[in-house]
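Data block below; observations after.
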Amino acid sequence: MLFLNMGLLVGLLAISIPIIIHLLNRRSAKFIDWGAIQFLMDSMVSRRRRILLEEVLLLIARCLLLALVVLAMARPFIPAESRMPWLFVLPGILFATILFGVSFAVCEYPRWRKGIMIAAAVLVLLSGLSILFEKWLNLSRFGGAVQHDVVLVIDSSTSMNLKVDGISNFDRAIEEAQAIVESARWGNAFGIIVGGAVPSARTDAPLTDREEIKAIIAEARPVGGTMPVPDTLAAAADLLARGKNAVKQIVLLTDGQSEGWQAESPSRWSYVAASMERLPTRPQVIYRRFAVPDSIRNVAVAEVSYSRAVVGTDREVFIDVRVVNSGTEAVTPEAVELAIGGDVLSDNTIGQLAPGASETVRFGHHFKKAGGHAVVASVMVEDDLSEDNTFSSAIGVIGKLRVLIVDGNPAARFMDRAAAFVALAMAPSATTAGSGGADGEGGHDFLLEPEVVDAVSMVGRESFDEFSVVVLADVPRLPAAVAEKLAMCVADGAGLLIAPGRRSVAEFYNSWSVEGLGQVTPAEMAERVLALKNENISPALSSFNHPALKLIADRSRSDLGAVSISAYWRLSDAAADQSVSVGARLNTGVPFIVQRRFGKGFVMMSACAFDAFDSNLATRHTFLPLIHEAVYYLANPAGTELNVMPAAKLSVLLAGKADLGSAVIEHGLVGSYYNGLNFEKFIVKRVDKGINFPWNGQSPGDGVPGENISVRWTGSVSPEFSEEYTFHATTDDGVRLWVNDKQIINDWTGRPATESRGKMELQAGWSYDVVMEFYQGGGASYAQLSWSSRSTPKAVIPTERLSTSRGMADRSKAVAVSVKGPGGEQLKGSVKSTDEGIVASLDDGVMPGLYHISADNDFLMALAGESNSIPFTVIRDEKESNLAGLEDDDLNFLRKYIAVLEPESLAQVADVLAGRAFGKELWKYLAVAALLFLLGEVALARWVAKRRRTGMEKTIDFEEYTQPSASFRQQLERVKTVSGAGLSNAEKTATGSRVGAGD
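Structure representation (structure tokens):
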């Protein structure tokens, strides 16, 4: 405990006033020794004890009264994090006052008086030392007149936009930050951190230039999202470490919302404490909390979800928008809107939402174009926090999902093949049945693009990178090298579906493993079981718990109960393997669908083949959604992840590694067609299978004119041999060619069809960026790109050697891209290939909301949606809309790790930064106590005075013997009445005289 007016404690000497008065009263009393006093001494003992007690009580009351008045004027207060409890210091001073006064009341008892005086002196000494020790502690904590390094942390989370008294807490934080800098002692250095979803340090080190600091504060804007307090304080500690002053302090300007403090995570706070312990002095965290309204009206869009994990252009998808009331009042929104590209869908059926209630609104939408699409949901309502009324989501829509189906029973009749029903379920068209592939011609638009191959053709296969999912339909076995390549493809993120049948060899599948990754198949094939004649074996719907099987597990919509299985493999139940899960069982209890997580991909295995020999499953309505949902699920790990959590180094997976050869990357080159001879006006982008166009003045198609055009082809080329290659560009008119950013042809002139050459050393297995530019003025037009080498005769570069990825699939070279932020600001990012796939990175400007990556780099063209950009979102935590404050218990928990001060006003913050302690003042309580003691002293004095007078005031009736008594006078009057009639006046006089004389 400390005192603001320490000098006024000298006024405690005033307690000597009632003591002096008491002593003077004692000295004024005189002792008279007279004869009978010895008989009265014994009767006065009890009276003297009573008088002594009364004197003690009066001295205590009067001394305490003066002490309380003096202490109140000295303004005692309890400092933040006080080490010396006020319940020791203040009572110690008051008790010493009591003992000091009592010691003078017991003057007649020297031993008692001496002991009481010593006790009073000890209490005064201990109280004084406690005050001085507290003073020293505060000087060491607050720095006194020493210069400070201060980091101002401005909370810019979503909740800080809430207005109180017409001004948002964020604006209030800016104002107080400016005031703190303005009122600070010269020499104090300040650092600034804007605490949004990711803490952003606005200074490299604490600065002493006030004007510069104030300008930086003025430029701060709300970031949104949830402020992770441990990460923010750790960043503040790192910034303090770059300062030169010894005293370190952190001022946290926040609304005290509980979300983001992570009080339930001791490990996070241990890390913060460790980062602060590394500083020369342990920094104080000055927790300046702004008020929030007791009553809040707030409705927020909490989530946007999709009915399918894999969304394609083949059919409609359902989009669910969840709206919650996170305020304290019931609210009825006007409507919920969903914006996708240029389409805006609206639903006004949402009803009143009670506090804490939520409602989900479902929309349907059919995406027409593959690539990334932005989906923005909004709730139409007027509330106190409009920033959470909108929720953005991004989704990667797939145009084609390539699936390789390996047929283990290549029968003459197509319907007898093991892969027939699987292929038809994916793309029921004649092209699939006839040629083993589906190209979408004839009006068909299927998301899945299956390619059926015989198992024998797998010998010598080099790669599965073109496919997102591989299906082994009753395949007996695979060559060892092919099996390993397929397993590694799955480990990179592809999916594998194994449907073993009567031709499958259990020994191969049970021993299929990869060094370092373990077993490939999720279960051992124990034995082949044939159903008895009257035995009814079917899938048990109650056991279907796999995510891909939810759609068909509903008994009201599923006909799986009518499935009859005639033969199956008894699969092992590997309950001990954490990477294996049983998704469904047969009614016999045997696993029906088993799954293993293998690297980054999934391996799914069924107990039977999907043909007509093992069951009638292929004839059920449920079979088609079963195959589709299984393939979508297996392909999902290879898909994009366009909705990410906030991070300091933000990375977005635009395309998985397994996705590069199937849904995103195509064989060929990306052709960008323009009006004008120098790429003046963009017309269209498309994928050309190669460059071999004898247009002869005709239109290249897609609305492109035949003359006055320019074309830029971009992509990559993969040579077959490691040797020098010669590139031959034959064009009419001009041409330019770059290979791996090196220009090897430059003939940008008008001319008839002429061949230009350029040479370059290439390595087999590598991908090299290729950019070819061409323009055609008028007349005939021609464009062809060929190559030749020692081992390769001159020929047009084949399609399979070209890729739209511009080499991104094989090299980790970062490419700069332009990114538009949620507020329309232009940010810098980069895109490169990693082990995960194509990854976009953004180093700064991270805040929750919708971002757009420009598809100017042509290898991103296949990822771009309708807006010719790739959207992604930084997710806003829905808990940020919950405005509950930090509890005292949580704050006490945090004090175990950091030193937290809680100033209640800006003035108290300034006191701390100026080296002055602050705390809770007690003078009001002392003043009230002094008033009560004053009233008590008056009452006590009157009681003592009255008690001393009681029994001492007695009436004494003294009889006067010099005058006739009353009885005599009455008798005389009677005599006069009886004898007065016969006497003369003289006789009466004489008689009266005698009577008077004789009376």
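FYI, in this note's numbering the residues of the sequence shown are 3 to 1001.
Don't be surprised by glycine CBs; every beta carbon is placed ideally from N, CA and C.
Every value quoted in this text rests on a predicted model; they were computed, and no experiment measured them.
Asked                                                                                                                                                                 : Found
Taking Ile215 as part of the alpha helix (DSSP H), name the residues at either end of that continuous run.                                                            : Arg212 to Glu221
Should Gln972 be labelled buried (16 or more other beta-carbon atoms within 10 Å of its own) or exposed?                                                              : exposed
Nearest by alpha-carbon distance to Asp257: which of Arg212, Glu305, Pro285 and Ile169 is it?                                                                         : Ile169
Alpha carbons only, please: which of Val713, Phe172 and Arg290 is nearest the one belonging to Phe1?                                                                  : This structure gives no information on residue 1, because the portion of the chain shown stretches from 3 to 1001.
Kindly indicate which residue of Gly329, Asp345 and Lys371 has the alpha-carbon position closest to the one of Ala356.                                                : Gly329
For the alpha helix (DSSP H) containing Glu509, list its first residue and its last residue.                                                                          : Ala508 to Asn512
Let me make sure I understand the geometry here. Which of Gly699, Arg212, Val706 and Ala576 has the alpha-carbon closest to that of Phe681?                           : Val706
What are the start and end residues of each continuous beta strand (DSSP E) run of 3 or more residues lying completely inside the region 261-294, in chain order?     : 286-291
I need the straight-line Cα distance from Lys898 to Arg599, nearest angstrom please.                                                                                  : 41 Å
Which partner residues does Gly197 have in the DSSP bridge list?                                                                                                      : Asp157 and Pro201
If you reduce the DSSP assignment to three classes, tell me which class Tyr927 lands in.                                                                              : helix
Under the assumption that Ala525 contacts Pro593 (Cβ atoms under 8 Å), give the Cβ distance between them as a whole number of angstroms.                              : 6 Å
DSSP on Phe600, reduced to helix/strand/coil?                                                                                                                         : strand
Gln597 to His669, Cα distance in whole Å?                                                                                                                             : 32 Å
Per DSSP, what kind of secondary structure is Ile1021 in: helix, strand or coil?                                                                                      : Because the chain in this structure spans residues 3 to 1001, residue 1021 falls outside the shown range and cannot be described.
Is Glu336 helix, strand or coil when you go by DSSP?                                                                                                                  : coil
Mark Cys491 as exposed unless 16 or more other C-beta atoms lie within 10 angstroms of its C-beta, in which case mark it buried.                                      : buried
Would you mind sorting Ile23 into buried or exposed? The rule is 16 or more other CB atoms within 10 Å of its CB.                                                     : exposed
By alpha-carbon positions, which one of Tyr777, Ser720, Glu775 and Asn748 ends up nearest to Leu764?                                                                  : Ser720
What residue from Leu573, Ile539 and Ala533 has the CA that sits closest to Met527's CA?                                                                              : Leu573
Throw me the rounded Cβ distance for the Arg299 and Asp385 pair, which I believe falls under 8 Å.                                                                     : 5 Å
Would you give the residue range spanned by the beta strand (DSSP E) that Ala766 belongs to?                                                                          : No beta strand (DSSP E) contains Ala766, which DSSP labels as neither H nor E.
What residue range is occupied by the uninterrupted alpha helix (DSSP H) comprising His630?                                                                           : Phe625 to Ala637
Considering only the alpha carbon of each residue, which of Asn547, Glu389 and Asp616 lies closest to Asp418?                                                         : Asp616
Along the chain, where does the beta strand (DSSP E) that runs through Asp879 open and close?                                                                         : Taken as a continuous stretch (DSSP letters only), Asp879 belongs to no beta strand (DSSP E), as it is neither H nor E.
Determine the burial state of Ser297: buried for a count of at least 16 other Cβ atoms within 10 Å of its Cβ, exposed for fewer.                                      : exposed
Is the separation between the beta-carbon of Val584 and that of Asp575 shorter than 8 Å?                                                                              : yes
Could you check whether Val672 and Gly717 sit closer than 8 Å to each other, using their CB atoms as the reference points?                                            : yes
Take Phe393 as the anchor and find which of Ala421, Ile352, Ile321 and Leu450 has the nearest alpha-carbon.                                                           : Ile321
Looking at Gly495 and Gly602, is the spacing between their C-beta atoms short of 8 Å?                                                                                 : The sequence shown places Lys at residue 602, rather than the Gly named in the question. Closer than 8 Å, so yes.
If we count Cβ pairs, one from each stretch, closer than 8 Å, do we get three or more for the region 104-115 versus the region 58-71?                                 : yes
I think Leu644 touches Pro873, with their Cβ atoms under 8 Å apart; what is that distance to the nearest whole Å?                                                     : 7 Å
Excluding the 5 residues flanking Ser277 on each side, which residues of the same chain have their C-beta closer than 6 Å to its C-beta?                              : Ala236 and Ala239
So which of Thr836, Leu893, Leu128 and Ala909 has the shortest CA-CA distance to Val902?                                                                              : Leu893
Assess contact between the region 365-374 and the region 281-295, defined as three or more Cβ pairs (one per stretch) separated by less than 8 Å. Is contact present? : no
According to the neighbour-count rule (16 or more other Cβ atoms, all chains shown, within 10 Å of its Cβ), is Trp945 buried or exposed?                              : exposed
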